[in-house]
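Just so you know, the sequence shown maps onto residues 47 to 577 in the numbering used here.
Structure record follows, encoded as structure tokens.
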Amino acid sequence: MASSRQDYIAPWWTYWLHNFPHLNFNFQTVDKTFKPEDASYQQSLIFLACVSAVGLGLSLLVLSAFLTCLCCCRREEDEEVKRPDTCCVTWAAVITGLVICSAVGVGFYGNSETNDGVYQLTYSIYNANHTLGGIGSLVDNSLGSMQVGLKEHLERLDEIFSPRGDYTQTLRFMQQMANNIIQQLTAMPDTRKVQVDLAVIADKTSFIEYYRWLTYLLLLILDLLICLITCLGLAKQSRWLLAVIMVCGVLTMIMSWVSLGAGTATAVGTSDFCVSPDKFIVNQTKDSLSADIVHYYLYCSQSLPNPFQQSLTVFQRSLTTMQIQVQGLLQVSVAVFPTAEKDLLGIQRILNSSEFNLHQLTALLDCRSLHKDYLEALLGICYDGVEGLLYLCLFSLLAACAFCALLCAVPRAWALIAIRDRDCDDMDEEDPFNPSRRITAYNPSRAQVHSFCSYSSSMGSQTSLHPPLPATSSTPEYMNQSMLFERNPRYENVPLIGSGSPPPSYSPSMRTTYLSMTDAQIRHFGTDFQM
Numbered sequence: 047m048a049s050s051r052q053d054y055i056a057p058w059w060t061y062w063l064h065n066f067p068h069l070n071f072n073f074q075t076v077d078k079t080f081k082p083e084d085a086s087y088q089q090s091l092i093f094l095a096c097v098s099a100v101g102l103g104l105s106l107l108v109l110s111a112f113l114t115c116l117c118c119c120r121r122e123e124d125e126e127v128k129r130p131d132t133c134c135v136t137w138a139a140v141i142t143g144l145v146i147c148s149a150v151g152v153g154f155y156g157n158s159e160t161n162d163g164v165y166q167l168t169y170s171i172y173n174a175n176h177t178l179g180g181i182g183s184l185v186d187n188s189l190g191s192m193q194v195g196l197k198e199h200l201e202r203l204d205e206i207f208s209p210r211g212d213y214t215q216t217l218r219f220m221q222q223m224a225n226n227i228i229q230q231l232t233a234m235p236d237t238r239k240v241q242v243d244l245a246v247i248a249d250k251t252s253f254i255e256y257y258r259w260l261t262y263l264l265l266l267i268l269d270l271l272i273c274l275i276t277c278l279g280l281a282k283q284s285r286w287l288l289a290v291i292m293v294c295g296v297l298t299m300i301m302s303w304v305s306l307g308a309g310t311a312t313a314v315g316t317s318d319f320c321v322s323p324d325k326f327i328v329n330q331t332k333d334s335l336s337a338d339i340v341h342y343y344l345y346c347s348q349s350l351p352n353p354f355q356q357s358l359t360v361f362q363r364s365l366t367t368m369q370i371q372v373q374g375l376l377q378v379s380v381a382v383f384p385t386a387e388k389d390l391l392g393i394q395r396i397l398n399s400s401e402f403n404l405h406q407l408t409a410l411l412d413c414r415s416l417h418k419d420y421l422e423a424l425l426g427i428c429y430d431g432v433e434g435l436l437y438l439c440l441f442s443l444l445a446a447c448a449f450c451a452l453l454c455a456v457p458r459a460w461a462l463i464a465i466r467d468r469d470c471d472d473m474d475e476e477d478p479f480n481p482s483r484r485i486t487a488y489n490p491s492r493a494q495v496h497s498f499c500s501y502s503s504s505m506g507s508q509t510s511l512h513p514p515l516p517a518t519s520s521t522p523e524y525m526n527q528s529m530l531f532e533r534n535p536r537y538e539n540v541p542l543i544g545s546g547s548p549p550p551s552y553s554p555s556m557r558t559t560y561l562s563m564t565d566a567q568i569r570h571f572g573t574d575f576q577m
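Structure representation (structure tokens):
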């Protein structure tokens with residue numbers, strides 16, 4: 047009997063996962079054989095899932111320690127100190143964003159691979175279930191025809207042929223052949239129990255896979271949204287966006303660690319099955335199928351005999367013998383007993399139908415059909431399925447670490463925004479370097495300033511232009527440009543600031559630069575531009 051096969055070899059990553067330590071709640075080593083109904087084996091998978099809780103605890107501990115240090119060690123920083131911190135926050139956000147985006151890409155690929163593998167598994171199970179259902183249906187139909195339809199025809203013919211002993215002897219021989227067929231069909235294993243088990247497994251697997259795929263999809267989309275909100279929050283320097291990032295980031299980090307634990311336990315359990323699937327199936331079917339039948343379908347080797355060959359041979363020979371007997375009775379007995387023709391033709395139709403069922407049953411009982419479904423199921427779950435779970439575990443690990451780093455950077459960004467807002471609030475409203483002061487001091491006056499174009503005309507010249515009306519000001523230091531430069535009225539009526547102001551030839555572009563200068567620079571350039 048074959049003990050290994052060449053058509054299926056478990057991938058290397060299943061052996062790697064299979065070698066993970068299997069410990070129960072008492073930290074005792076557990077057998078790595080796939081036994082999902084065993085309590086100790088279940089504890090070993092739960093223990094692996096709980097390992098991610100350690101990572102979650104460490105992440106929360108690091109985050110709490112960082113926030114504590116940030117709150118306790120806050121100090122006033124000058125401008126030179128702020129710039130490196132701002133740069134560090136920016137780079138931390140950029141790097142974590144890139145890591146999260148890369149992790150999301152890995153997650154999408156892993157989610158798709160896992161879904162494809164599970165779909166191939168369930169599709170193969172449904173195909174095998176359909177094959178087993180066809181075998182059971184053909185056996186039941188053949189048994190019904192032999193036990194009910196053939197028996198009724200033979201009883202009526204026995205009454206018709208009662209005067210002829212040789213004919214009744216032929217009927218008894220046909221009944222004996224029918225009993226042989228019934229005996230062989232009854233000895234075949236009942237596939238209905240196996241069919242129900244496969245249907246339940248396929249339905250539960252499809253149900254769980256749908257919600258697993260949907261959960262990971264929502265988690266991936268949430269990660270992308272958090273990356274987008276992070277970019278908006280840092281670009282607009284909005285506190286409420288940073289608060290949303292903190293809340294969503296903590297929840298996403300927790301879900302990432304939870305998904306890592308669940309994915310690891312699922313991948314290890316599936317790998318335990320993939321390393322030795324034949325052993326598990328033999329143990330599960332030992333109550334309903336014999337070991338010879340199970341090995342025949344698992345390995346489908348030319349060296350293994352077909353366990354149904356003898357039954358099918360007896361079935362075929364019995365049908366052939368009965369058809370010969372019926373054909374002979376039709377030729378010799380219809381002329382003497384015309385009423386027997388109807389029953390003889392009925393028996394012939396039953397035998398023809400049974401022979402058709404026999405050919406179909408022979409094809410379905412061949413190992414190649416079920417073995418093909420078995421191999422496709424193994425390739426789907428052990429290659430695509432487990433590989434996808436590994437990518438999902440990598441996604442969860444990268445996302446958890448990246449969100450931990452992001453949550454450490456967000457409070458620092460919050461503090462920098464608070465320092466900026468506080469500095470802006472401390473500035474005097476009359477300070478020309480205050481952005482709000484510049485807007486109120488500059489923009490309203492622009493609405494009342496008349497430009498050169500407003501005084502020009504198509505027929506006039508520069509000498510015919512009338513100067514603008516003198517600007518009134520309550521400050522004695524301010525001067526009217528039109529009074530000082532009557533011969534050159536092209537300058538705008540803009541009040542100048544302070545006694546150290548430059549002459550009116552100071553252009554608007556230079557005025558913007560002037561408003562952003564320090565006092566020392568004002569004095570310097572004011573001296574340079576004096577006439």
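We treat Cβ as the ideally placed atom computed from N, Cα and C, and that holds for glycine.
query: For T168, which of helix, strand or coil comes out of DSSP?
result: helix
message: Rounding to the nearest angstrom, what Cα-Cα distance links E205 and A233 in this structure?
response: 32 Å
message: I'd like the span of the alpha helix (DSSP H) that includes F324, first residue to last.
response: The sequence given here places Asp at residue 324; Phe does not occur at that position. Taken as a continuous stretch (DSSP letters only), the alpha helix (DSSP H) holding D324 covers 323-331.
- prompt: Near L196, what residues of its chain come up, given a Cβ to Cβ distance below 7 Å and the 5 sequence neighbours on each side ignored?
  reply: A224, I393, I396
task: Let me know the secondary structure DSSP gives L69 once reduced to three states.
output: strand
- prompt: What is the residue span of the alpha helix (DSSP H) that S400 lies within?
  reply: 386-411
- prompt: Does the beta-carbon of V194 have 16 or more other beta-carbons within 10 angstroms, so that it is buried, or is it exposed?
  reply: exposed
task: For S357, I'd like the list of residues in its chain whose CB is within less than 8 Å of its CB, leaving aside the five on either flank, ordered along the chain.
output: Q230, L231, A233, M234
message: Any heavy atom of the ligand SAH inside 7 Å of the beta-carbon of W259?
response: The model on display carries no ligand, and the ligand SAH is accordingly not part of it.
- prompt: For the candidate residues F449, S252, S90, L444, whose alpha-carbon lies nearest to that of N72?
  reply: S90
Bridge partner(s) assigned by DSSP for T75: L69
field: Given R258 as reference, the closest of F326, D269, G309 once Cα atoms are compared
entry: G309
query: Can you tell me whether DSSP reads L335 as helix, strand or coil?
result: coil
Neighbourhood of H199 by C-beta distance below 7 Å, restricted to the same chain and skipping five residues each side: D389, G392, I393
Expected contact under 8 Å - CB spacing of V432 and W62 to nearest Å: Going by Cβ atoms, the distance from V432 to W62 rounds to 10 Å, so no, they are not a contact pair.
query: In whole angstroms, what separates the C-alpha of Q295 from that of F449?
result: As written in the sequence, residue 295 is Gly, which differs from the Gln given in the question. One C-alpha to the other measures close to 6 Å.
message: Under 8 Å, with one C-beta from each stretch per pair, do the stretch 334-349 and the stretch 87-102 reach the 3-pair mark?
response: no
field: Range of the contiguous alpha helix (DSSP H) that encloses S357
entry: 355-378
- prompt: What separation, rounded to the nearest whole angstrom, lies between the Cα atoms of N302 and V456?
  reply: According to the sequence provided, residue 302 is Ser. The question's Asn does not apply to it. Cα to Cα, the separation comes out at about 19 Å.
query: For D324, which residues from the same chain have a beta carbon less than 7 Å from its beta carbon, with the 5 sequence-adjacent residues on both sides left out?
result: L344
message: Taking its Cβ as the centre, do 16 or more other Cβ atoms sit within 10 Å of E532, making it buried, or is it exposed?
response: Annotation note: pLDDT 45 at E532 (below 50); position unreliable, coordinate value reported separately. Under this definition E532 is an exposed residue.
- prompt: DSSP on E538, reduced to helix/strand/coil?
  reply: Confidence is the limiting factor: at E538 the pLDDT is only 45, short of 50, which leaves the residue's position unreliable, though a coordinate-based value still follows. Residue state, collapsed to three classes: coil.
message: Check for me: the alpha helix (DSSP H) holding F207 runs from which residue to which?
response: Per DSSP, F207 belongs to no alpha helix (DSSP H) and is neither H nor E.
- prompt: What did DSSP end up calling A224 once you bin it into helix, strand or coil?
  reply: helix
task: Answer yes if the stretch 403-423 comes into contact with the stretch 160-180, meaning at least three C-beta pairs across the two stretches below 8 Å, and no otherwise.
output: yes
Contact under 8 Å by Cβ, Y262 with G101: no
message: Only counting the same chain, and skipping five residues up and downstream in sequence, which positions put a Cβ closer than 7 Å to that of L69?
response: T75, V76, S90, F93
message: Could you tell me the alpha carbon to alpha carbon distance between A138 and I275, rounded to whole angstroms?
response: 15 Å
query: Is it true that the CB of S305 sits closer than 8 Å to the CB of S148?
result: no
query: If you pair each beta-carbon of the stretch 360-377 with each one of the stretch 206-222, do three or more pairs fall below 8 Å?
result: yes
- request: Counting only the same chain and skipping the five closest in sequence on each side, list residues whose C-beta sits under 8 Å from that of V240.
  value: L178, T331, S334, L335
Length of the line joining the Cα atoms of Y25 and E159: Limits of the chain in this structure are 47 at one end and 577 at the other, which puts residue 25 out of reach.
field: Classification of S317 by the beta-carbon crowding that lies within 10 angstroms, buried from 16 upward
entry: buried
- request: Please classify A451: does DSSP put it in a helix, a strand, or coil?
  value: helix
- request: Please state if the CB of L452 and the CB of T142 are separated by a distance shorter than 8 Å.
  value: yes
- request: For E205, decide whether its Cβ has a neighbour in chain C, counting only Cβ atoms nearer than 8 Å.
  value: Considering every chain present, this structure includes no chain C. It has just one protein chain.
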